[in-house]
Amino acid sequence: MTSYQGEPDKRVAFARPATELATLGLPLGTRDYVTLDDTAYTVDPRNLMEGLIQAERVRRGRR
1 MTSYQGEPDK RVAFARPATE LATLGLPLGT RDYVTLDDTA YTVDPRNLME
51 GLIQAERVRR GRR
């Protein structure tokens, strides 16, 4: 998101969509980019896909 529509400043690039989302009733919980947690998240695509497929099967009664 460092260059959101040509914006070189990450903070400004973050603030614009954050403000737009807030007007839609979807606040991000922070308006400041620097307060975001930089925790690294890792997702195993195979496990994620299997979990989503299984949830859909259960939802459709095809367990």
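In the numbering used here, the protein residues as written are 1 to 63. By construction, the Cβ of each residue, glycine as well, lies at the ideal position given by its N, Cα and C atoms.
Assigned secondary structure, V43 (DSSP; H/G/I helix, E/B strand, else coil): V43 falls in the coil class under three-state DSSP.
Secondary structure of G25, DSSP reduced to three states: If DSSP states are grouped into helix, strand and coil, G25 belongs with coil.
How many Å lie between L28 and P17 at the Cα? Approximately 10 angstroms between the Cα atoms of the pair.
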